[in-house]
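**Student:** If you read the protein sequences in the order shown, they are chains A and B. Numbering follows numbering that gives the first Met the number 0, in which position 78 of the first sequence is assigned residue number 77; successive positions increment by one, without gaps. Numbering follows numbering that gives the first Met the number 0, in which position 475 of the second sequence is assigned residue number 474; successive positions increment by one, without gaps.
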Amino acid sequence: MGSVTRIVLQRLALGLLTLFVVSIVIFTAVNLLPGDFAQAILGQGATEEAVNAIRRDLGLDQPPVQRYLEWLGDALQGDLGTSFAQANFANFVGSGTVSELASVTSQIAPRFANTMFLAGVTAAIAVPLSLTLGILAALYRNSVFDKLANITTLTSISSPEFFLAYILILFLAVLNPWLPSLSNIYAGMGFGERLEKTLLPALTLTLVVTAHMMRMTRAAIINLLASPYIEMARLKGLSPMRVIVRHALPNALAPIINVIALNLAYLITGVVVVEVVFVYPGIGQLFVDSVKIRDIPMVQACCLIFAAAYILLNLLADILSIVSNPRLRHPK
Amino acid sequence: MTRISRRGLLRSGAAAGVLAATGFPLMAQAKRGGKLRMAINGANTSDSWDGRTHSDAFMINCAQGAVFDCLTEVSATGELVGELAESWEATPDAKTWTFNLRQGVTFHNGKAFGADDVIESLNMHVAEGAKSAAQPIVANIAEMKKLGDHQVQMVLKDGNADFPFLLSDYHILMYPAGQIEEAIAKGIGTGLYMNVNLDPGVRFVGKRVDSHYKDGRAGWFDELEIIAVNDTSARMSALLTGQVDVVNRIDFKTEPLLKANPKTMIFEVTGNQHYTLPMLSDVAPFDNLDVRLALKHAVDRQELVNKVLQGHGAVGNDHPIGPANQYYAKDLPQIELDLDKAKYHLKQAGMDSLNVDLHVSDAAFNGAVDTAQLFQATAKGAGININVVQEPADGYWSNVWLKQPWCASYYSGRATEDWMFSTAYEAGVPWNESHWDDPRFQELLYAGRKELDSDKRRAIYHEMQEILSTRGSTVIPMYANYVDAASTALAHGENIGNNFQLDGSRLAERWWFS
Chain A
0 MGSVTRIVLQ RLALGLLTLF VVSIVIFTAV NLLPGDFAQA ILGQGATEEA VNAIRRDLGL
60 DQPPVQRYLE WLGDALQGDL GTSFAQANFA NFVGSGTVSE LASVTSQIAP RFANTMFLAG
120 VTAAIAVPLS LTLGILAALY RNSVFDKLAN ITTLTSISSP EFFLAYILIL FLAVLNPWLP
180 SLSNIYAGMG FGERLEKTLL PALTLTLVVT AHMMRMTRAA IINLLASPYI EMARLKGLSP
240 MRVIVRHALP NALAPIINVI ALNLAYLITG VVVVEVVFVY PGIGQLFVDS VKIRDIPMVQ
300 ACCLIFAAAY ILLNLLADIL SIVSNPRLRH PK
Chain B
0 MTRISRRGLL RSGAAAGVLA ATGFPLMAQA KRGGKLRMAI NGANTSDSWD GRTHSDAFMI
60 NCAQGAVFDC LTEVSATGEL VGELAESWEA TPDAKTWTFN LRQGVTFHNG KAFGADDVIE
120 SLNMHVAEGA KSAAQPIVAN IAEMKKLGDH QVQMVLKDGN ADFPFLLSDY HILMYPAGQI
180 EEAIAKGIGT GLYMNVNLDP GVRFVGKRVD SHYKDGRAGW FDELEIIAVN DTSARMSALL
240 TGQVDVVNRI DFKTEPLLKA NPKTMIFEVT GNQHYTLPML SDVAPFDNLD VRLALKHAVD
300 RQELVNKVLQ GHGAVGNDHP IGPANQYYAK DLPQIELDLD KAKYHLKQAG MDSLNVDLHV
360 SDAAFNGAVD TAQLFQATAK GAGININVVQ EPADGYWSNV WLKQPWCASY YSGRATEDWM
420 FSTAYEAGVP WNESHWDDPR FQELLYAGRK ELDSDKRRAI YHEMQEILST RGSTVIPMYA
480 NYVDAASTAL AHGENIGNNF QLDGSRLAER WWFS
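Below, the structure written as structure tokens:
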């Protein structure tokens with residue numbers, strides 16, 4: 000297992016390096032956004048003095064490199080900064096203290112938990128569903144079922160998310176009032192109710208991610224079905240189902256795990272549109288709100304979290320596929 | 000008609016029949032009970048219970064509309080009534096005002112309401128470094144004296160006959176003295192509903208207080224849930240699926256759907272919200288009255304109302320006073336599209352044709368770009384070439400507005416004529432978007448401010464509206480209606496307030512489940 004540990008550590012270091020590069024990209028990109036927080040918050044009332052006062056107080060008049068280094072230093076210590084949005088600007092302008100502002104971490108934490116809940120519910124539906132569909136499609140390949148499953152999932156993955164969301168709202172909420180179209184979950188809500196409210200966005204996301212996972216499962220299994228050991232299994236007289244589940248699937252796991260991890264990462268980073276459509280109070284909506292009011296620390300923190308989630312899940316996928324593959328576990 | 004209430008005007012004027020058309024059961028017996036759920040836009044993660052920062056529908060409905068009270072209130076019929084102040088009187092110069100406060104009122108934390116709360120709550124707006132939109136109102140108070148536990152005297156620097164009206168502003172909420180920071184953090188007011196939970200940018204939950212001075216008059220719901228839904232489609236589907244009872248700002252495109260649904264109703268009022276195209280009156284060519292008049296006559300206002308507002312509005316007459324104002328001059332001759340007149344004025348200015356830039360962005364108001372393009376099309380017929388310059392929405396208010404000689408802007412309107420004029424038309428004020436400086440106008444502005452006699456004030460304000468309409472430097476093509484929608488399970492009084500959307504943002508107080 001020593002080699003596995005080494006590989007894991009190598010990957011981890013690479014991940015950190017990627018994250019560092021991403022942090023530079025984020026910072027640069029956010030600074031390229033036109034307009035700034037002072038102008039956004041003051042709107043029609045943005046006189047030059049007021050804008051300058053806010054910029055000075057928030058340190059926005061410092062050179063970018065200095066601001067980046069300070070931000071990175073704080074982020075490394077777990078301090079993602081203070082949100083501009085909660086600043087009480089009535090008191091704030093001119094007072095010059097930033098201490099009373101709410102921290103980004105305290106604002107993001109509950110939203111991130113909500114997004115994780117949505118991702119969890121989606122994964123709980125999508126992963127078993129696409130594995131089952133994939134296995135069945137492999138089993139009955141080129142049958143009507145296989146083609147139907149392919150067409151359906153490909154159609155859903157090719158449609159924009161908001162379109163799928165509105166279609167689902169139309170059929171499951173407006174025409175047939177089965178599910179709520181507003182997913183306004185909140186702290187202290189019962190699990191059942193929370194689940195009910197989360198179902199529509201989760202179904203939308205399921206439609207988006209299923210095709211990818213299902214088709215990978217199907218392809219990986221079919222790929223193996225030509226192998227001699229599968230033929231051997233068949234010649235032993237095993238049922239087609241047993242051949243696929245017991246013999247083919249374990250060897251097909253690596254690519255499937257990879258694709259599942261990629262899609263899970265997408266469930267965290269790609270939910271922005273779905274959250275806005277369903278008014279789901281997750282990190283995606285917070286992100287959109289923050290961009291709108293140019294809450295720079297919040298935007299940067301959200302981006303960083305998205306990047307970290309992506310890198311981490313990819314890392315996990317790598318590690319799992321190494322662990323699940325003896326050839327990689329024991330390299331020559 | 001001897002006395003015209005604002006509501007009377009609304010019903011007889013531009014929006015006649017609107018109320019009757021909603022089909023709500025009028026004047027049914029109000030009754031207690033139920034949980035009102037509203038989906039409202041304009042919510043932000045930056046929201047708080049600090050009235051000084053409120054600027055959009057969500058927090059105005061949560062604070063002024065539910066948890067907090069002001070000293071005075073604009074009723075559904077447009078009259079000024081007392082809220083936490085029971086009565087008031089002024090000296091003849093409108094300089095010294097004495098307010099008698101309601102007795103036996105308590106804050107949600109049990110503290111009794113009194114004179115100290117008023118003084119401290121007002122002082123919040125002029126505190127060192129405070130940035131409040133109501134600052135000019137409070138800054139005009141030279142001195143506040145506590146005459147008794149329930150009596151406050153305010154001496155103004157300049158007499159203002161509208162002063163009690165101004166105190167109904169949604170920024171000027173009453174907080175408990177000595178506990179203002181705590182009250183802002185926890186939402187402690189004297190309103191009909193106490194704060195159970197506010198999750199900024201997500202939702203607000205309120206609970207009816209057990210006993211309240213408005214009992215029997217308002218506050219019919221047991222519980223209140225206001226959900227922040229900034230996305231228009233999501234608001235519409237939430238109402239259609241019955242997840243909420245009320246939504247604000249409907250999407251005009253889905254209007255037929257809402258109308259076709261037997262469970263939903265649209266309610267619409269014309270208020271003071273208006274869109275403006277201000278020209279800097281001291282910059283060529285707009286310093287020439289004939290050029291301004293040519294432009295005023297080269298726009299088809301009705302077309303703008305029909306196309307930009309899809310009929311949900313009324314034509315404007317180049318002055319900022321709307322049907323929700325007391326002294327709205329509705330008999331003023333309406334400026335019409337008249338290309339011959341436009342050509343005539345152009346000739347008077349010594350020009351055969353005119354080339355001007357109009358700087359717009361939809362940040363100014365939704366449909367500003369369309370407005371400019373429609374203007375451009377009609378003006379061409381009079382030899383006026385309008386070059387529509389599309390500006391980025393970001394930084395529009397700081398880079399374009401007040402800087403470019405001709406641009407687009409909007410006002411939600413003000414409760415009083417004086418307030419509106421002194422916000423954007425008084426010489427020298429920062430938001431004077433047309434650099435308007437007219438001696439007669441200025442003279443009338445000062446005279447109207449100090450005048451307590453209603454008839455004289457009407458004459459003054461009518462003349463001011465006429466000046467702006469016939470000479471002014473702002474094209475005000477249209478008033479935009481407040482268009483909201485509700486479930487038919489709800490009922491309301493005979494009138495719907497038109498000073499703000501959602502029944503003057505007091506729907507949670509005034510409506511009930513039938």
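Note that beta-carbon positions come from the ideal geometry of N, C-alpha and C, so glycine has one too. Here the structure is a predicted model, which is why all the values come from computation and not from measurement.
(1) Any Cβ of chain A within less than 9 Å of the Cβ of B:I385?
(2) Just checking my contact of A:A137 with A:R241 at CB under 8 Å: how many whole Å lie between their CB atoms?
(3) Taking the alpha-carbon positions, what's the B:K94 to B:A138 distance?
(4) Please tell me whether A:P109 and A:A186 are closer than 9 Å, where the distance is taken between their beta carbons.
(5) Within 9 Å (strictly less), CB to CB, does B:G200 reach chain A?
(6) Since B:H358 sits in a beta bridge, which residues does DSSP pair it with?
(7) On the criterion of 16 or more Cβ atoms from any shown chain inside 10 Å, does B:F251 qualify as buried, or is it exposed?
(8) Determine the burial state of B:A283: buried for a count of at least 16 other Cβ atoms within 10 Å of its Cβ, exposed for fewer.
(9) Taking 9 Å as the threshold (C-beta atoms), are B:Q272 and B:A132 in contact?
(10) Can you name the residues that DSSP bridges to B:E267?
(11) Let me know if B:P255 comes out buried or exposed under the rule of 16 or more other beta-carbons within 10 Å of its beta-carbon.
(12) Against B:S421, what residues of chain A qualify as contacts under a CB-to-CB distance less than 9 Å, listed in chain order?
(13) In angstroms, rounded to a whole number, what distance separates the CA positions of A:L333 and A:Q61?
(14) Does the segment 155 to 171 of chain B come within contact of the segment 72 to 90 of chain B, defined as at least 3 CB pairs closer than 8 Å?
(15) Determine the burial state of A:L312: buried for a count of at least 16 other Cβ atoms within 10 Å of its Cβ, exposed for fewer.
(16) Are the segment 174 to 192 of chain A and the segment 271 to 285 of chain A touching by the rule of at least three beta carbon pairs closer than 8 Å?
(17) Identify whether A:Q284 lies in helix, strand or coil by the three-state DSSP scheme.
(18) Could you have a look at B:A93 and say whether DSSP puts it in helix, strand or coil?
(19) Measure the alpha-carbon distance for B:E508 versus A:V298 and round it to whole angstroms.
(20) Indicate whether at least one CB of chain B lies closer than 9 Å to the CB of A:Q65.
(21) Opposite B:P277 in the DSSP bridges: which residues?
(22) Does the beta carbon of B:I59 sit closer than 9 Å to a beta carbon anywhere in chain A?
(23) Do you know how far the Cα of B:G412 is from the Cα of B:F374?
(24) In angstroms, rounded to a whole number, what distance separates the CA positions of A:I156 and A:L204?
(25) Counting contacts by CB-CB distance shorter than 9 Å, is A:F88 in contact with chain B?
(26) Around the C-beta of B:Y460, are 16 or more other C-beta atoms found within 10 angstroms, so that it is buried, or is it exposed?
(27) Quick check on A:A300 - is its C-beta less than 9 Å from some C-beta in chain B?
(28) If you compare alpha carbons, which of A:S158, A:V64, A:T197 is closest to A:F26?
(29) Tell me, to the nearest whole angstrom, how far the beta carbon of B:S167 is from that of B:E85; I am working on the premise that it is less than 8 Å.
(30) What does a CB cutoff of less than 8 Å around A:F144 pick up in its chain, not counting 5 residues either side in sequence?
(31) Determine whether the Cβ of B:T240 lies closer than 9 Å to any Cβ atom of chain A.
(32) Does any CB atom of chain B fall closer than 9 Å to the CB of A:V97?
(33) Run the CB neighbour count on B:L416, radius 10 Å, all protein chains shown included, and call it buried at 16 or more, exposed below.
(34) At least one CB of chain E closer than 9 Å to the CB of A:N51: is that the case?
(35) Would you call the CB atoms of B:P319 and B:M419 closer than 9 Å?
(36) From the DSSP output, read off the bridge partner residues of B:A313.
**Tutor:** Looking at the atomic coordinates:
(1) no
(2) Not confirmed; about 13 Å, so no contact.
(3) 14 Å
(4) yes
(5) yes
(6) B:V388, B:C406
(7) exposed
(8) exposed
(9) no
(10) B:V482
(11) exposed
(12) Neighbours of B:S421 on chain A: none; closest Cβ ~16 Å, over 9 Å.
(13) Outside the shown range of chain A (0 to 331) lies residue 333 of chain A, about which nothing can therefore be said.
(14) yes
(15) buried
(16) yes
(17) helix
(18) coil
(19) 37 Å
(20) no
(21) B:T473
(22) no
(23) 23 Å
(24) 10 Å
(25) Confidence at A:F88 is low in this model, with a pLDDT of 46, below 50, so the placement of that residue should be treated as unreliable; the coordinate-derived value is given next. Cβ-Cβ to chain B under 9 Å: yes for A:F88.
(26) buried
(27) no
(28) A:V64
(29) Not a contact, Cβ separation roughly 14 Å.
(30) L135, A136
(31) yes
(32) Because A:V97 carries a pLDDT of 39, less than 50, the predicted location of this residue cannot be relied on, and no value is offered for it.
(33) Sequence inspection shows Glu at residue 416 of chain B; the Leu mentioned does not correspond to that position. The residue is buried, with at least 16 neighbouring Cβ atoms inside 10 Å.
(34) No chain E is present in this structure, whose protein chains are A and B.
(35) yes
(36) B:Y478
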